[in-house]
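In full-length UniProt numbering, the protein residues as written are 1 to 361.
Beta carbons are placed, not taken as given, at the ideal position from N, Cα and C, and that holds for glycine.
Owing to the predicted nature of the structure, the values given are computational and were not obtained by experimental measurement.
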């Protein structure tokens, strides 16, 4: 039975007793080859889910790090997946509206699961990025005001998707269609009616390719301001991250990747998109709000980190919903806790030099 966390006593115990015990148990482990006392497994390849229930149990999420540089088959057990049933995804705020209603939200996650299954079966290396990675990093979900998925795939996958679309097997085997339009690659459901003015349907995923260049990784984006050129150590190996009820692969060091990609921005702000992807039209009366004012209605992630250990806790108001213990430190994450997120200046400058050279071409 999950604790409701309506009492300050329950919140205090979880924050100042349980999490510090887990944190210091990991912190003073002898080496990465040691095993954790309660699990008997190496914590190099595991992330630990800390559930705020009456027994304070620890559940192990297996195979979260890619076994190799670019791709692995991911499996999340049903008991772990069930944890997300307690997260109130349908809370709403008057300050910033939720973009998807309950039915649309269900359609969206079902579609993403279809894409994930297709890429798994086709052995396509991929990860979430752009606004979708930002949402996962800050709220473990699609931002409430967002309505589409942004992913990166290895450049070789574009040719494969185009071939499967041409011979009909993409729709026949995976219920998906692929289209290239205005320098953008998109995937959407093959059986959905198309939008009147466009050759795709909602929900869809924007697919952008990346390529390996020596010891670096680059993306190929029609917006030059969103291009990155980063060391492989920031990108590989992929790790699974929570994305609403799903677990999706993400770059190894998400905040550094986001800082490089959004090097022309200083910080993150809570504001609606001007464009609705559901109708492919401009929204009227776009809203913005101080992120702090949204914490009673929308959940945010808080982090504690030291010595290659990071604890991520998802909070809704004064209620901690769950925590993850990663055997990885976000060393540059000095300004990535609510409610002021500032992109890492080193990787902003690093990528800005690359963009400066690119814009002169």
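Beta-bridge partners assigned by DSSP to residue 289: 270. The Cβ neighbour count for residue 256, taken over all protein chains shown within 10 Å, is at least 16; the residue is labelled buried. Beta bridge pairing from DSSP links residue 247 with 242. Per DSSP, residue 300 is one residue of the beta strand (DSSP E) stretching across 300-306. With a 10 Å radius around the Cβ and a threshold of 16 neighbouring Cβ atoms, residue 306 comes out exposed. Going by DSSP, residue 213 is part of the beta strand (DSSP E) stretching over 204-213. In this chain, residue 233 is not harboured by any beta strand (DSSP E); it is covered by the alpha helix (DSSP H) spanning 232-235. In the DSSP annotation of this structure, the continuous segment of the beta strand (DSSP E) that includes residue 150 starts and ends at 149-154. For residue 313, the uninterrupted beta strand (DSSP E) segment begins and ends at 309-316.
By the 16-neighbour rule on beta-carbons within 10 angstroms, residue 131 is buried.
By a beta-carbon distance limit of 8 angstroms, residue 315 contacts residue 299. Their separation comes to about 6 angstroms. Counted as a single uninterrupted DSSP element, the alpha helix (DSSP H) harbouring residue 115 occupies residues 102-122. In the three-state scheme derived from DSSP, where H, G and I count as helix and E and B as strand, residue 162 is classed as helix. Sequence-distant Cβ neighbours of residue 339 in its own chain, meaning closer than 6 angstroms and more than five residues away, are 291, 292.
Going by DSSP, residue 258 is part of the alpha helix (DSSP H) stretching over 254-261. Where residue 93 is concerned, there is no enclosing alpha helix (DSSP H), because DSSP gives it neither an H nor an E. Linking residue 295 to residue 114 through their CA atoms gives a straight-line distance of about 31 angstroms. Across the structure, residue 94 and residue 213 are spaced so that their CA atoms are roughly 46 angstroms apart. Taking the Cα positions, residue 149 is about 8 angstroms away from residue 112. If you draw a straight line from the Cα of residue 194 to the Cα of residue 139, it is about 31 angstroms long. Sorting 244, 215, 220, 156 by C-alpha distance to the C-alpha of residue 233 places 215 at the top.
Less than 8 angstroms separates the beta-carbon of residue 220 from that of residue 208. In the three-state reduction of the DSSP assignment, residue 349 falls in the helix class. If you draw a straight line from the Cα of residue 251 to the Cα of residue 128, it is about 8 angstroms long. Looking at the DSSP output, residue 184 bridges to 181. Look at residue 343 here: in three-state DSSP terms it is coil, with no helix or strand label. In the three-state reduction of the DSSP assignment, residue 322 falls in the strand class, which pools E and B.
Fewer than three pairs of CB atoms, one per stretch, sit closer than 8 angstroms, so the region 241-251 makes no contact with the region 172-182. The residue from 328, 313, 287 with its alpha-carbon nearest to that of residue 96 is 287. If you draw a straight line from the Cα of residue 152 to the Cα of residue 118, it comes to about 15 angstroms. Taking C-beta separations shorter than 7 angstroms and ignoring five residues to either side along the sequence, the partners of residue 192 in its chain run 201, following chain order. Residue 198 sits away from residue 259, with the two beta carbons spaced by 8 angstroms or more. The three-state secondary structure of residue 226, taken from DSSP, is helix. Taking a C-beta distance under 8 angstroms as the contact criterion, residue 343 and residue 262 qualify as a contact pair.
Separation of residue 325 and residue 92 (C-alpha to C-alpha, rounded to the nearest whole angstrom) is 28 angstroms.
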